[in-house]
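Structure, as structure tokens:
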Amino acid sequence: MGESDKPETRRVGAIPPSVLARLTVTEEPPKPQTLLGVVREGVERGAVVLLDDRGGLLAQLMGGDPAVLADGSRVEVAGVFRRDLSTTAQQGPPFQVWSAKAAADGDG
Numbered sequence: 017m018g019e020s021d022k023p024e025t026r027r028v029g030a031i032p033p034s035v036l037a038r039l040t041v042t043e044e045p046p047k048p049q050t051l052l053g054v055v056r057e058g059v060e061r062g063a064v065v066l067l068d069d070r071g072g073l074l075a076q077l078m079g080g081d082p083a084v085l086a087d088g089s090r091v092e093v094a095g096v097f098r099r100d101l102s103t104t105a106q107q108g109p110p111f112q113v114w115s116a117k118a119a120a121d122g123d124g
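Shown next as structure tokens:
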């Protein structure tokens, strides 16, 4: 390979902080929330959703104890909405479950 056949190599320096600051998207971290509702299977295999007392969709649950989040169970879940994620089921906003427990009778 001759000198003229070699691919061009270019050095790229670090991005200056002033430029990087303009490129960075800053958002508030998600606030922890507690939701109360009934667990249902989602449209996709393995998807789990939480419905309110009228059957309205509250969230698609991600994580949590499957024994607690069984289909038809009335539960209280704590966690955060993950607006930065999309799911294949696309059923409600994704909610990262930190903890889940059976809802006490009379809750709601």
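Numbering (the numbering used here), first residue to last: 17 to 124.
Backbone N, C-alpha and C define an ideal beta-carbon position, used for all residues, glycine too.
Between the alpha carbons of G80 and S102 lies a gap of roughly 18 Å. In the DSSP secondary-structure assignment, A75 is bridged to L66. Of the candidates E44, Q106 and K117, K117 places its Cα closest to the Cα of A94. Contact check for Q76 and P109: beta-carbon distance about 7 Å, within the 8 Å limit, so the pair qualifies.
In summary, G62 is exposed, with fewer than 16 beta-carbon neighbours lying within 10 Å of its beta-carbon over all protein chains present. For K117, the enclosing beta strand (DSSP E) covers residues P110 to A118. Annotation: the continuous beta strand (DSSP E) that includes R90 extends over R90 to F97.
Here the C-alpha atom of G88 lies approximately 52 Å from the C-alpha atom of P33.
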